[in-house]
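A.B. asks:
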Amino acid sequence: MLADEPTGNLDSRTGQEVFNLMREMNLESGVAFIMITHDQRLTRAADRMLLIEDGVTHEVGNERLPSLLHKTSPETKHGLV
Numbered sequence: 266m267l268a269d270e271p272t273g274n275l276d277s278r279t280g281q282e283v284f285n286l287m288r289e290m291n292l293e294s295g296v297a298f299i300m301i302t303h304d305q306r307l308t309r310a311a312d313r314m315l316l317i318e319d320g321v322t323h324e325v326g327n328e329r330l331p332s333l334l335h336k337t338s339p340e341t342k343h344g345l346v
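Numbered per our numbering, the sequence shown spans residues 266 to 346.
Right under this line is the structure:
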C-alpha cells in the first residue's frame, strides 16, 4: 500500500493510531507499506528507508539513521522519505 504523508495533517495521538493500524495490518496480513514522510517518528519505525538528497537515492538502515541525520543538512533532514 502506498501512503503519502499518512499522518501529515493529523494531531500526534491520531497519527499514532493510524500508524498502529498500519503496523497491525503489516504484521497480521503481510501488507507492505511504502510511506513518503517527513515525520521522523515514522522513519524510526520503518524496516527499510530511502533518503533522497540532491536527486540521489540512498538506502539507509535504521541503525545508521542517527549518524546520517547528524551529517546532513537541515533541508535533507526535512526531506526524509
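Backbone N, C-alpha and C define an ideal beta-carbon position, used for all residues, glycine too. Computed from a prediction, not measured in an experiment: that's the story for all the values here.
1) Determine the burial state of M314: buried for a count of at least 16 other Cβ atoms within 10 Å of its Cβ, exposed for fewer.
2) In terms of DSSP beta bridges, what is V325 paired with?
3) Under the three-state reduction of DSSP, which class applies to M300: helix, strand or coil?
4) To the nearest angstrom, how far is the alpha carbon of D304 from that of P271?
5) Which residue wins for smallest C-alpha separation from A268, given the options E318, R288 and S294?
6) Can you give me the start and stop residues for the beta strand (DSSP E) that L267 sits inside?
7) What are the boundary residues of the alpha helix (DSSP H) that includes N285?
C.D. replies: Well, looking at it:
1) On the sequence shown, residue 314 is found 49 positions in, with the first residue counted as 1. That one is buried.
2) Sequence index remark: in the sequence shown, residue 325 carries index 60 (1-based). In DSSP, V325 forms a bridge with M314.
3) By one-based count along the sequence shown, residue 300 stands at place 35. Looking at M300 - three-state DSSP - the assignment turns out to be strand.
4) By 1-based counting over the sequence shown, the position of residue 304 is 39. By 1-based counting over the sequence shown, the position of residue 271 is 6. C-alpha separation (whole angstroms): 10 Å.
5) Residue mapping note: residue 268 aligns to position 3 of the sequence shown, counting from 1. Considering only alpha carbons, the answer is R288.
6) Here the question's residue 267 lines up with position 2 in the sequence shown. Note, L267: beta strand (DSSP E), L267 to D269.
7) Translated into positions along the sequence shown, residue 285 becomes position 20. Start and end: S277 to S294.
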